[in-house]
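Worksheet for the structure shown next.
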């Protein structure tokens, strides 16, 4: 059983991740996991490439959003979360009584 656990641990440390193109074990110990040679990793470049990926994904999601500015006394429908089969998904309309600075409203 110990041999199996050791093999599994070695396999997870040697697994190459997509973003870094380097196994986690090699980044942690700064040595290749298969051949005993030192590895120089540029952690700042890895962090910058991750941040670039995060920024592009954020921009893609923000493009799909649409802005709507609510006004006082405007009528809105309230969504019912997890309705039963025959239950209506929306109820209302309710007038908006308060607008908050973070974009939420009070009906």
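In full-length UniProt numbering, the protein residues as written are 1 to 107. Glycine included, every Cβ here is placed at the ideal spot set by N, Cα and C. Since the model is a prediction, treat every value here as computed from it, not as a measurement.
Residue 105 vs residue 70 beta-carbon contact at 8 Å:
Going by C-beta atoms, residue 105 is nearer than 8 Å to residue 70.
Given residue 80, which residues of its chain have a CB within under 8 Å of its CB, disregarding the five upstream and five downstream residues?
87, 88, 89, 90 and 91, listed in sequence order.
Among all the DSSP beta bridges, which residues are the ones paired with residue 91?
78, per the DSSP bridge assignment.
Per DSSP, cross-strand counterpart(s) of residue 72
DSSP, once it has assigned bridges, lists no residue as partnering residue 72.
Bridge partners for residue 105 per DSSP, in chain order?
Under the DSSP definition of a beta bridge, residue 105 partners with 99.
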